[in-house]
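S.K.: Below you will find the structure I want to go over with you.
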Amino acid sequence: MPSLQSLRVLFITSEVYPLCKTGGLGDVSAALPAALRTLQTDVRLLLPGYPQVLAGVKYKSKIADFSSLAHFPPASLLSARLSLNKAEHIPVFVIDCPGLYCRDGGPYMDEYGRDWPDNALRFGLLSKIGAILSSDISPIAWRPHIAHCNDWQSGLTPAYLHFHNGKTAATIITIHNLAFQGCFPPGTVVQLGLPPESFDIHGAEYYGNLSFLKAGLYYADRLTTVSPNYAQEIQTEPLGFGLQGLLAARSDQLSGIINGIDTREWDSATDPHLAQNYNSKKLSDKAANKSALQQRMGLTADADIPLFGMVSRLSFQKGSDLLIQIAPQLIKIPAQLVVLGSDQAQLEHLLVMLAHSHPDRIAVRIGYEESLSHLIEAGADCFLMPSRFEPCGLNQMYSQRYGTPPVVHATGGLADTVVDCTPETLANNSASGFMFGTMSADSLLHAIQRAAATYHDKQTWQRLQKNGMAKDFSWQASAMAYQTLYKSLLK
Ligand code: ADP
Ligand code: GLC
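What follows is the structure, given as C-alpha cells:
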C-alpha cells in the first residue's frame, strides 16, 4: 500500500472556484483538494479548458495529445497550477479542446439558459480523459490510485474504466446533486465510444437514454454524497429522483461525508468584502454591515428591523417560490428582505416585481455577485434557506460562521448542520438557527416569525449567534474521512 505521501488522487470536476463556479461544486472542488493536500495526499484536478480556466491557471505546458478519441474533436492536455492564495496552489490538468470548450457562456448553458447541444461530448471528453489518465494507457507518468468523480459530468469515467482491459485506478463518485443526471439519447453511446453492452439496465441505460450519473453510480467502486442525511434520503422516493433502487441496492458502498467550508475565504474577521470586520467577541461591529447592506440595496436605514437575506440559485430546489408567496406577510412582521440570485426567469421576474412594490422593505439583485453575497451573509440578521432538498448546502454554514442564524427546511445537509432553537437547545448551547419540518408556505412563515421574535430578545439572539460562530465547519474532519475512504480502496 502506498504511504500517504504518495497517495495520488485525480479529482475530476466541471467547476472550480474562483475560475468557474455555478454553485457549491465549485467551492468544494477548490477547498476539498486543498484540505487533502495539507494531509499529504497528492490530489490533482482534471478540468475542461473553458476560456476562464485557460486564462486563470499558471505555468501551462502541453503534456499530451489526444487526436483520435472516438468522435471527439482533437484535444490536448495541459499541466498547470491553480493558485488559491499567495501560499497555496493545486496542480491541475486542463483539457484544451477549443472545439468543445472555447466559447462564451456558462459551463453547461449558453447565455440564454439553453443547454449546450454538445454537452454529451463536452463532458464525455472530460470523463474519457479522466479514465485514460487513471489507467495503464495514460500518456503521462503521474498515475492516480483513485479517480474521484463528481456529479454527472464525470460519471462516465467509472464506465470507461470498467470496460478497460488493463490496470486501472479505483473509482469514487460523489453526488452533489441527484437532480442533475446528464441524460442523452441512446445514439450517444456509440458517439462516446462506450461498448454497446454498457447500454443496459445493469449499466448506463436509464429509461431508454444514456445517463452519465447512473453510469457512475453503477460502475464506481464507492459512492459518496455530501451529507449523511442526504445519503439516507436518496435511497427512497421522492429524493432518489428515480435512482433510489440502485442507491439502496448499493447502500453498503454509499456514505455521506458532510462538506466543509473554506474558513479563510469565509472569515468575518478578515473578509475584504465587508464594510467592517468583526468576530464573536465584538458582535456590535456586525451592525455596520447591516447599514451598508441597507444603503447599497436602497432599503430604509433601520438598525432595529430584522433583515432577512437569501443568496441562491432561483430554482425549484431552493424553495424561492415559497418565499415569494409569503414575502408580503414577512414585511408586515415588520421585517426587511434582501435576495441575491438568478436562474429561472419566472422566479426572477416575480421577485423583481415584489421589490418594485415594496422598495423600502424588499430589495432584489438578479445576477451572480461574489462580493455582495459576502456582504449579505454579514449584513443580514438572519439567512433564509427554505430548500425543498439540499444535498449539503454551504450558505447555512457561512451564515452561522458570520453570526447570521439561518432559517432552514429540515432536509439533507441543512438538518445535519443547523440546530433548531428550542428551550432545550438554548439551554445546552447548541441552538444555531430555525428549522421547519413541513415544506409549506405556512411553515416557512411560522419559522420566520419565530426568528423575528427571537431577534428582539437580544440576549437569546446573541447566544444563537455565538453558538453558530463557535462551530467547526472546516474541512479538516471531512478531508480525513475522504482520505480514510481512499485508503480503504487500496487494500
Ligand atoms: P448549490 O450548489 O445547490 O447552488 P450551495 O449552498 O452548496 O448550493 O452553494 C451555493 C454557492 O454558490 C455558495 O457559495 C453561494 O454563496 C453561491 N451563490 C449562489 N448564488 C449566488 C449568487 N447569485 N451570487 C453569488 N454567489 C452565489
Ligand atoms: C450541490 C448541492 C448543494 C451542495 C453542493 C456542493 O450543488 O445542491 O447542496 O452543497 O452541491 O456539494
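Following the numbering used here, the numbering of the sequence shown begins with 1277 at its first residue and continues without gaps. For every residue, glycine included, the Cβ atom is placed at its ideal position computed from N, Cα and C. Fair warning: this is a prediction, and the values are worked out from it, not measured in the lab.
1. For the alpha helix (DSSP H) holding Lys1490, just list the boundary residues, first then last.
2. Hey, would you say Ala1346 sits closer than 8 Å to Ile1371, going by beta carbons?
3. Within the chosen definition, does the segment 1644-1656 reach the segment 1555-1567 through at least 3 CB pairs nearer than 8 Å?
4. Can you list the residues near the ligand GLC, meaning Cβ strictly closer than 7 Å to any non-hydrogen atom, in the order they appear in the chain?
5. On a Cα-Cα basis, can you pick out the residue from Val1694, Trp1428, Ala1611 that is closest to Asp1578?
6. Report the start-end ranges of each alpha helix (DSSP H) in the segment 1380-1456 that is 4 residues or longer and not cut off at the edges.
7. Among Gly1492, Ser1474, Leu1493, which one has its Cα closest to the Cα of Gly1484?
8. Determine the closest residue to Glu1509 out of Ala1496, Gly1492, Leu1530, with distance taken between C-alpha atoms.
9. Please confirm whether any heavy atom of the ligand ATP lies closer than 7 Å to the CB of Gly1617.
10. Based on the DSSP secondary-structure assignment, which residues constitute the bridge partners of Asp1341?
11. Where do the ends of the beta strand (DSSP E) carrying Val1683 lie?
12. Using the Cα positions of Leu1740 and Thr1680, report the straight-line distance between them to the nearest angstrom.
13. Less than 8 Å between the beta carbons of Phe1712 and Leu1720, yes or no?
14. Tell me the rounded alpha-carbon separation between Thr1314 and Gln1759.
15. Would you mind stating whether Phe1584 and Arg1677 have Cβ atoms separated by less than 8 Å?
16. Which same chain residues, not among the five before or five after Ser1403, have their C-beta less than 6 Å away from its C-beta?
17. Measuring only the C-alpha atoms, how far is Ile1533 from Ala1755?
18. So, helix, strand or coil for Ile1638, using DSSP?
19. Is the separation between the beta-carbon of Trp1751 and that of Ala1307 shorter than 8 Å?
20. Excluding the 5 residues preceding and the 5 following Leu1376 in the sequence, name in chain order all residues of the same chain whose CB lies nearer than 8 Å to its CB.
21. Run through DSSP, which three-state label would Glu1481 get?
22. Would Thr1714 pass as an interface residue toward chain C - the criterion being a Cβ-Cβ separation below 8 Å?
23. Report the three-state DSSP secondary structure of Tyr1293 (helix, strand or coil).
24. Less than 6 Å between C-beta atoms, sequence neighbours within five positions excluded: which residues of the same chain meet that for Pro1420?
25. Do the segment 1611-1625 and the segment 1636-1643 touch if we need at least three Cβ pairs shorter than 8 Å?
26. With a 10 Å radius around its C-beta and 16 neighbouring C-beta atoms as the bar for buried, classify Arg1379 as buried or exposed.
27. Do the segment 1356-1363 and the segment 1435-1451 meet, that is, are 3 or more Cβ pairs less than 8 Å apart?
28. Compare the beta carbon distance of Ser1527 and Gln1552 with 8 Å and say whether it is the shorter of the two.
M.R.: The short version:
1. Counted as a single uninterrupted DSSP element, the alpha helix (DSSP H) harbouring Lys1490 occupies residues 1488-1495.
2. For Ala1346 and Ile1371, no; Cβs fall outside 8 Å.
3. Counting Cβ pairs under 8 Å, three or more are found: they touch.
4. Those satisfying the condition are, in chain order, Gly1299, Gly1300, Leu1301, Asp1303, Val1304, His1452, Asn1453, Val1502, Asn1535, Gln1593, Glu1666, Pro1667, Cys1668, Gly1669, Leu1670, Gly1688, Gly1689.
5. The option with the nearest alpha carbon to Asp1578 is Ala1611.
6. Fully enclosed alpha helix (DSSP H) runs of 4 or longer: 1395-1409, 1432-1438.
7. Of the listed residues, the one whose Cα sits closest to Gly1484 is Ser1474.
8. Ranked by Cα distance from Glu1509, the first of Ala1496, Gly1492, Leu1530 is Leu1530.
9. Of the ligands this structure carries, namely the ligand ADP and the ligand GLC, none is the ligand ATP.
10. DSSP output for Asp1341 lists Ser1352 as bridge partner(s).
11. That run of the beta strand (DSSP E) goes 1682-1685.
12. Distance from the CA atom of Leu1740 to the CA atom of Thr1680, rounded to whole angstroms, is 9 Å.
13. Between Phe1712 and Leu1720, the C-beta spacing is below 8 Å.
14. Each residue's Cα considered, the two are about 11 Å apart.
15. No, the Cβ-Cβ distance between Phe1584 and Arg1677 is not below 8 Å.
16. The residues are Ser1430, Leu1432, Thr1433.
17. Whole-angstrom Cα-Cα distance: 9 Å.
18. Strand.
19. If you check the CB distance, Trp1751 and Ala1307 come in under 8 Å.
20. Correct list, in chain order: Pro1324, Phe1348, Pro1349, Ala1351, Asp1394, Leu1397, Arg1398, Leu1401.
21. Residue state, collapsed to three classes: strand.
22. Absence of chain C from the displayed structure is noted, only one protein chain being present.
23. Here Tyr1293 carries a coil assignment [DSSP, helix/strand/coil].
24. Taken in chain order, the residues that qualify are Arg1284, Val1285, Leu1286, Ser1410, Ala1445.
25. Result yes; three or more Cβ-Cβ pairs closer than 8 Å.
26. Counting every other CB atom within 10 Å of its CB across the protein chains shown gives Arg1379 a total below 16, marking it as exposed.
27. Three or more Cβ pairs closer than 8 Å define a contact, and the segment 1356-1363 falls short of that threshold against the segment 1435-1451.
28. Contact flag unset, no.
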